[in-house]
Structure formats: structure tokens, C-alpha cells
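So the structure is just underneath, and the comments pick up after that.
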Amino acid sequence: MHVCHTIADVVDRAKAERSENTLRKDFTPSELLAAGRRIAELERPKAKQRQREGGDHGRQARYSGLGSMEPKPESERDAHKADTAISEALGISRGHYQRLKRIDNATRSEAGYRDGLNGWSG
């Protein structure tokens, strides 16, 4: 069993699995989401760092009047960097990955809502 320690390891492993997948059917949406979650766990610290850097830039603009005319930092220009990295590793577009996440979130909240109604005695 191979243990991945960095985001590069996970991304490389996901790309290798995708490349190996040529002789079988395409990944199912649930397989894509599971792989995306594994990658997201390792991508999360980098995303938090980008958020902190973006927050610093916002504070500077707020307290300097109208803000500077300098180009925005890379972290602000690419707000969806984590989803982009994950979707590239999975071999799908960022939009496709985001749709899969929205469907999964909606399904989970609907299941939670139904579970809550089952316990209701009104």
C-alpha cells in the first residue's frame, strides 16, 4: 500500500489511477467525489494560506482609501485554485467537479432533512 504524504503525491497518484483506468469503465461520480475529498484534505492548508494572504490584501486596500491600482495577488485572481487542482488531478473540468459537489451536498442535506422528519411526532 502506498501512503501519500504531500499534495503532489496525491495528485500524482490520482493522475496515475486515471491513466490506469483505460481498460475499465469511467469513474462513477461517487468515485470521483471520494478521490476529490482525499485530495481536498491535503489541499486545505494551502487554501487557508491563500485566504490569509487575500485577507491581508483586502485590509490594505480598505485602509488606504480607494485601494491600490496594482494587480491583485495570484491568490485573489484564482479564487477556485483548490477546486482547479482537484479537478485537474481527476481529469475533469472545475465546473464538472463543482456540479458533483453541489449534487452531493444537496443529497446529503435532503437525507438529513428526511431523517429529521422521521423523528418528528407532531
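For the sequence shown, position 122 (counting from the first letter as 1) is numbered 122 according to UniProt numbering, and the numbering increases by one without interruption.
Even for Gly, the Cβ is constructed at its ideal location relative to N, Cα and C.
DSSP-derived helix/strand/coil call for Gly95: Your numbering for residue 95 matches position 95 in the sequence shown. Gly95: helix per DSSP, three-state reduction.
Measuring CA to CA, which of His80, Arg114, Arg13 is closest to Gly95? By 1-based counting over the sequence shown, the position of residue 95 is 95. It is His80.
By Cβ distance below 7 angstroms, which residues in the same chain neighbour Leu100 in space, the five residues on each side in sequence not counted? The sequence position of residue 100 within the sequence shown is 100, counting from 1. Excluding residues within five positions, the ones whose Cβ falls inside 7 angstroms are Pro29, Leu32, Leu33.
For a test of your reading of the model: does the CB of Glu53 fall under 7 angstroms from any non-hydrogen atom of the ligand FAD? Yes or no. The ligand content of the structure shown is nil, which means the ligand FAD is not present either.
To the nearest angstrom, how far is it from the Cα of Arg77 to the Cα of Glu17? For the purposes of this step, residue 77 is identified with residue 77 of the sequence shown, where counting begins at 1. For the purposes of this step, residue 17 is identified with residue 17 of the sequence shown, where counting begins at 1. Its pLDDT being 49, under 50, Arg77 is placed unreliably in this model, and the coordinates cannot settle the point.
What alpha helix (DSSP H) runs, 4 residues minimum, are completely inside the segment 6-53? 7-20
Could you check how far apart the C-beta atoms of Arg38 and Val10 are, in whole angstroms? I think they sit under 8 angstroms. Stepping through the sequence shown from its first residue, residue 38 is reached at position 38. Stepping through the sequence shown from its first residue, residue 10 is reached at position 10. At roughly 6 angstroms, the Cβ-Cβ gap stays under 8 angstroms, so Arg38 and Val10 are in contact.
Beta-carbon gap between Ser89 and Ala40 smaller than 8 angstroms: Counting from one through the sequence shown, the residue named residue 89 turns up at place 89. Counting from one through the sequence shown, the residue named residue 40 turns up at place 40. One detail in the question is off: residue 89 reads as Ala in this sequence, not Ser. For Ala89 and Ala40, no; Cβs fall outside 8 angstroms.
Quick check: the Cα distance between Pro45 and Asn105, rounded to an integer number of angstroms? In the sequence shown, the residue the question calls residue 45 occupies position 45. In the sequence shown, the residue the question calls residue 105 occupies position 105. Each residue's alpha carbon lies about 22 angstroms from the other.
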